[in-house]
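Quick note: the sequence shown uses the UniProt record's numbering, first residue 1, plus one each step. We treat Cβ as the ideally placed atom computed from N, Cα and C, and that holds for glycine. None of these values were measured; they are calculated from a predicted model. Scroll down for the structure; my scribbles are underneath it.
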Amino acid sequence: MIDVYLQQVSDCCSCFECGDEEQKRNAVLTALETWGDSTCGNWIDDHLLKLRIPLSKECGGCCPRTYIVNLTETWVQPETIKVKLRMWTGIKQESKELEFTYDDFTHDLLIDLTKQIDCCNNCSKYELLLEYVVGTDEIPPELCKWFCSIAKVYMQLNDVECASCGSQDDVAIVEVDGTKDLSATYKRIAISYFSKVIEQYSLCELKSIKDWTVVK
């Protein structure tokens, strides 16, 4: 998998002309690890998510009953989605798979609950069980420069000389007599931007919908 990321970073980072293959690989690994420290989960590789949603009984009506769940994460893998209805009667449980449709455009998961819930049975409780995987092998274009920045620092710390990489001073935020120079201000703005982009792809807060919540 590292080779996939290595190629993508090589395509967008001029600094990668400077080092040998081992230095390039280590630079990307450093960027991946730094990214991982910034969030409690992200798009890199695959993440299996499991959700449990309590259901209320709705009786009557001739129309099909469809329950909609919006899967807010980026890069949901539709082929991995599994949906089950679980019924609890005391400490006994039964479960069965349900039919569903996933909308790639809205990320809505439409689940068919028609004739699945016994409204006359007041002793049972029902809930939906969802499983799906999120993740991708593709580095978002707006984050590629983040990888370049981390790789740039790594290359400089390892004394890899190349004009396109600049110098260590280029990536250092300096302060003279308590006053930050203009380049330092630009760097802080860039850091703030990358932080917001990273948050966009974080999986820290996955769900918070009305009466059910699943986090991490």
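Chain-order list of residues whose beta-carbon lies under 6 Å from that of residue i (same chain, five-residue window excluded)
i: residue 87; result: 94, 124, 126
i: residue 131; result: 50, 82
i: residue 139; result: 8
i: residue 89; result: 123, 124
Residue i versus residue j - alpha carbon distance
i: residue 109; j: residue 78; result: 10 Å
i: residue 81; j: residue 133; result: 7 Å
i: residue 56; j: residue 128; result: 11 Å
i: residue 74; j: residue 122; result: 39 Å
i: residue 225; j: residue 105; result: This structure cannot speak to residue 225, because the chain is shown only from 1 to 216.
i: residue 20; j: residue 146; result: 20 Å
i: residue 12; j: residue 6; result: 10 Å
i: residue 65; j: residue 100; result: 12 Å
Buried versus exposed, by CB contacts within 10 Å (16 or more), residue i
i: residue 4; result: exposed
i: residue 91; result: exposed
i: residue 48; result: exposed
i: residue 119; result: exposed
i: residue 24; result: buried
Cβ neighbours of residue i in the same chain (closer than 7 Å, five flanking residues each side left out)
i: residue 210; result: Low confidence applies here, because residue 210 scores a pLDDT of 35, under 50, leaving its location unreliable; read the following figure in that light. Closer than 7 Å at the Cβ level, and outside the excluded window around residue 210, lies no residue.
i: residue 76; result: 107, 132, 134
i: residue 72; result: 107
Nearest-angstrom Cβ-Cβ length linking residue i and residue j, presumed shorter than 8 Å
i: residue 117; j: residue 69; result: Not really, about 16 Å apart at Cβ, beyond 8 Å.
i: residue 113; j: residue 96; result: Rounded, the Cβ-Cβ distance is 12 Å, inconsistent with contact.
i: residue 148; j: residue 8; result: Actually they do not touch by this definition, with Cβ atoms about 11 Å apart.
Beta-carbon proximity list for residue i, same chain, < 8 Å, skipping 5 on both sides
i: residue 46; result: 77, 133, 134, 135
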